[in-house]
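Engineer: Residue numbers (my numbering): 97 to 354.
Note that CB positions come from ideal geometry on N, CA and C, so glycine has one too.
Before anything else, here's the structure in question.
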Amino acid sequence: MQEKSSLISNIKSKINKPVSGKKALISIFLIVMLLTSLTLAVADMRRQASVNWKDGWTAWKAGNPEQALSCWTKNSLAPNFARRPARIYYWRIRALDELGRNKEAEELRIKLSEKFPTDFYTFMLSPNGANSYVSKEVLLKKAKLFYPRPWGEEVSRASHTTGLSKKTIWSVMKRESKFLNNVVSKSGAIGLMQLMPITAKNVAKQMGIEDADISTPADNIMIGAGYYSILDKNFNGDLVRVTAAYNAGETVVTKWDT
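Now the structure itself:
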């Protein structure tokens, strides 16, 4: 009986020892190691995707679409880790078209349209808005994404004054501020249309608007629409350059190769 009691005491003492704590530490250590490995693997994939993109772009600029395509398809998983996955798809399509591999290009077009229905590069494949590769489900998804049309009265007034379509104003507003009225960017851009104060002041002067307050939706939308209209004229209606200039500044875009 004493032996049994001693055995029980021994078992209890072992249970009370921080064995479970050690196991927990080991488990935590293994989890940390696993997460570290995954983080390093993802970082490596991103680095490789960046290298492949740059090598492919160099080849493309040199007039070698075959080599460019080879770089962009080295790793089937790489596009998923690229900074802009849709960009890889887009230029692979361009390379395939250039090489006359139309069937493969068409298959990739469908994939791009379905995976990234609202991405800039998907738009580049259908600049007029027509896209025969988009399914009904994708179109419905697009409709839901672009449905919000807030500040209707202010947008209508700005559209009437500047000649800029209401759809364009809403598009800029959605992209720049996600319809958040009081948002201020790190660079100091203010409000719905994300206007820099100096730019807004100059545009307001050109538009004959006195005592403009870009913290208010009405003035912000009006001046933003006016600025976009000015850029539209300066860049002869080139939508890509106009939009880029609105976001990054006219000076930056004028430095692009024409």
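1) Would residue 258 pass as a contact of residue 321 if the rule is Cβ separation under 8 Å?
2) Tell me the rounded alpha-carbon separation between residue 187 and residue 263.
3) Give me whichever residues DSSP pairs with residue 299 in a beta bridge.
4) On the DSSP bridge list, what partners appear for residue 310?
5) Measure the C-alpha to C-alpha separation of residue 333 and residue 189 and round it to an integer number of angstroms.
6) Measuring CA to CA, which of 339, 278, 327, 336 is closest to residue 310?
7) Would you tell me roughly how many angstroms separate the C-alpha atoms of residue 207 and residue 149, rounded to the nearest one?
8) Report back the beta-carbon spacing between residue 182 and residue 215 to the nearest angstrom; my notes put them in contact at under 8 Å.
9) For residue 266, count neighbouring C-beta atoms within 10 Å of its own C-beta (all shown protein chains included) and say buried if the count is 16 or more, exposed if not.
10) For residue 294, does the three-state DSSP call read helix, strand or coil?
11) What residue ranges within the segment 309-352 form continuous alpha helix (DSSP H) runs of no fewer than 4 residues, ordered along the chain?
12) Whose CA, out of 307, 336, 319, 132, lies closest to the CA of residue 295?
13) Can you tell me which of the three DSSP states residue 280 falls into?
14) Ordered along the chain, which non-local residues of its own chain (more than five positions away) have a Cβ less than 7 Å from that of residue 292?
15) Whose C-alpha, out of 134, 163, 268, 160, is nearest the C-alpha of residue 325?
16) Quick one: Cα of residue 153 to Cα of residue 339, how far?
17) Considering only the alpha carbon of each residue, which of 134, 191, 247, 130 lies closest to residue 158?
Structural biologist: Considering the structure as presented:
1) yes
2) 28 Å
3) DSSP, once it has assigned bridges, lists no residue as partnering residue 299.
4) Looking at the DSSP assignment, residue 310 forms no beta bridge with any residue, so it has no partner.
5) 26 Å
6) 278
7) 19 Å
8) 4 Å
9) Answer is buried; the Cβ neighbour count reaches 16.
10) Per DSSP, reduced to three states, the secondary structure at residue 294 is helical.
11) For the alpha helix (DSSP H) assignment, the uninterrupted runs of no fewer than 4 residues enclosed by the segment 309-352 are, from N- to C-terminal side, 313-330, 335-344, 346-350.
12) 319
13) strand
14) 284, 285
15) 268
16) 23 Å
17) 191
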